[in-house]
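Student: Take any residue in the sequence shown, count from 1 to its spot, add 1: that is its number in the working numbering.
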Amino acid sequence: MSLVDELSENFGLDTNDIARIIWTAPARYKVYAIPKRRGGTRIIAQPSRDLKSIQRFIVDTKLSTLPIHPAATGYVRNRNILHNAQAHRSNAIISKLDFKDFFPSILVRDWSRFVRTKEAGEPFRADAMLYARILFRGVTSNAPHCLSIGAPSSPILSNILMYDLDTQFSTEAQRLSLAYTRYADDITISGASLENIRAFKVAARRIIRTSKSPKLIFNEEKSGTYLRGQRRMVTGLIITPAEEISIGRERKRLISSMLHHVQLDRSDSETMGRLKGLLGFCVANEPSFVSRMRARYGDDVLDRVLSFRVPARRV
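Structure representation (structure tokens):
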């Protein structure tokens, strides 16, 4: 069954309607800019509702069958920021590298190169251009060009297309007795030898410089190396001198203060919603802190927050 026929059957649309959506897909994005924390803006491109539904179907039924390297910890089932941080918790030295404009730098030509490999398989090769139009947005025309920040298919597709680079980085890290993980555009390496970490960074820059696909560059402003005793953060989590994973003192102080306001009935619905999210983050990454907050403020306060539902907006 062709991809068009499969989509037609799944979504209950005529094949001509599916073909029209696919043909116009690269232009079916709402593009806007949001400010970055450190200055500048990030371009978000949100696909239209019908295209987003098709992209999710492609993720669930097609892309999920393709290999992702074990070192890739972002947007992968049963892998998360805690999994990413735990890979480095026992190492004294932690170093970071970061890709510049990661998603927009992964281009449709990288997909075209991938579908010619044995890992892709015949179904992807047969409908390669249809997948390209569905998964890559246009920039100055209706032609597919790059991955977008905002499409549900971009994270998994970036991991798939990064497999060869992840393999090269991981092999180099193993040779130097280092741990290597990548969470989207964020690379973390760690070990006992500062010399070996420096050697890895030299090798990583050479690998990126000579790589044919994808063509990426490092954001040198976000590169850094941190020793035991310094603040060692991995994807938003802190590795303590005792080699434990923590959400960090600042978050803990904020959560404790917000819980105190709940106890005094001084919290509005917006604050309650934010606090519920923060506690969910704690449950996933440092549940012992939630237990301490229960002991301090009582089950009633914690349960009131965790069971809180944001009121529906009136139309």
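Idealized CB from N, CA, C, for every residue including glycine.
Taking just the CA atoms, how far does S178 sit from K202?
Tutor: Along the sequence shown, read from residue 1 onward, the residue named residue 202 stands at position 201. Along the sequence shown, read from residue 1 onward, the residue named residue 178 stands at position 177. Approximately 14 Å between the Cα atoms of the pair.
Student: Look up F219 in the DSSP assignment and say whether it is helix, strand or coil.
Tutor: Counting from 1 along the sequence shown, the entry for residue 219 is found at position 218. The answer is strand: DSSP assigns F219 an E or B state.
Student: Going by alpha carbons, who is nearest to R252 out of D266, S292 and L276?
Tutor: Locating residue 252 in the sequence shown gives position 251, where the first residue counts as 1. Cα-wise, what sits closest to R252 is L276.
Student: With a 10 Å radius around its C-beta and 16 neighbouring C-beta atoms as the bar for buried, classify A285 as buried or exposed.
Tutor: Numbered from 1 along the sequence shown, position 284 holds the residue referred to as residue 285. When all chains shown are included, A285 counts as exposed.
Student: Using the C-alpha atoms, what's the distance from S308 back to F295?
Tutor: One-based indexing of the sequence shown puts residue 295 at position 294. One-based indexing of the sequence shown puts residue 308 at position 307. Here residue 295 is Arg; the residue named in the question, Phe, does not match the sequence. For R295 and S308, the distance between alpha carbons rounds to 14 Å.
Student: Which word fits Y33, buried or exposed, when buried means at least 16 other C-beta atoms lie within 10 angstroms of its C-beta?
Tutor: Taking the sequence shown and counting its residues from 1, one reaches residue 33 at position 32. When all chains shown are included, Y33 counts as exposed.
Student: Thinking C-alpha only, which one of D304, E244, E222 and L217 is nearest L228?
Tutor: What you label residue 228 is simply residue 227 of the sequence shown in a count that begins at 1. The shortest C-alpha separation from L228 is found at E244.
Student: Would S159 pass as a contact of I107 if the rule is Cβ separation under 8 Å?
Tutor: Here the question's residue 159 lines up with position 158 in the sequence shown. Here the question's residue 107 lines up with position 106 in the sequence shown. Going by C-beta atoms, S159 is nearer than 8 Å to I107.
Student: Looking only at C-alpha atoms, which of F137, E287, G249 and G278 sits nearest to I59?
Tutor: What you label residue 59 is simply residue 58 of the sequence shown in a count that begins at 1. Ranking F137, E287, G249 and G278 by Cα distance to I59 puts F137 first.
Student: With DSSP run on the structure shown, which of helix, strand or coil describes R39?
Tutor: Numbered from its first residue, the sequence shown carries residue 39 at position 38. R39 falls in the coil class under three-state DSSP.
Student: Could you name the residues that DSSP lists as bridge partners for Q231?
Tutor: Mapped onto the sequence shown, residue 231 falls at position 230. Partner(s): R229.
Student: Between the segment 50 to 57 and the segment 144 to 153, do three or more beta carbon pairs fall short of 8 Å?
Tutor: Result yes; three or more Cβ-Cβ pairs closer than 8 Å.
Student: Can you say whether D269 is buried or exposed, counting buried as having 16 or more other CB atoms within 10 angstroms of its CB?
Tutor: Working through the sequence shown from its first residue, we reach residue 269 at position 268. Flag for D269 reads exposed.
Student: If we count Cβ pairs, one from each stretch, closer than 8 Å, do we get three or more for the segment 209 to 218 versus the segment 129 to 147?
Tutor: Not touching, per the Cβ criterion.
Student: By DSSP, does G274 sit in helix, in strand, or in coil?
Tutor: Within the sequence shown, the letter at position 273 stands for residue 274. Helix, per DSSP.
Student: Going by beta-carbon coordinates alone, are S96 and T226 separated by less than 8 Å?
Tutor: Residue mapping note: residue 96 aligns to position 95 of the sequence shown, counting from 1. Residue mapping note: residue 226 aligns to position 225 of the sequence shown, counting from 1. Yes. Within cutoff.
Student: What are the complete alpha helix (DSSP H) segments, minimum 4 residues, inside the segment 79 to 165?
Tutor: If we require 4 residues or more, the alpha helix (DSSP H) runs fully inside the segment 79 to 165 come out as 82 to 87, 103 to 106, 109 to 115, 123 to 127, 129 to 136 and 155 to 162.
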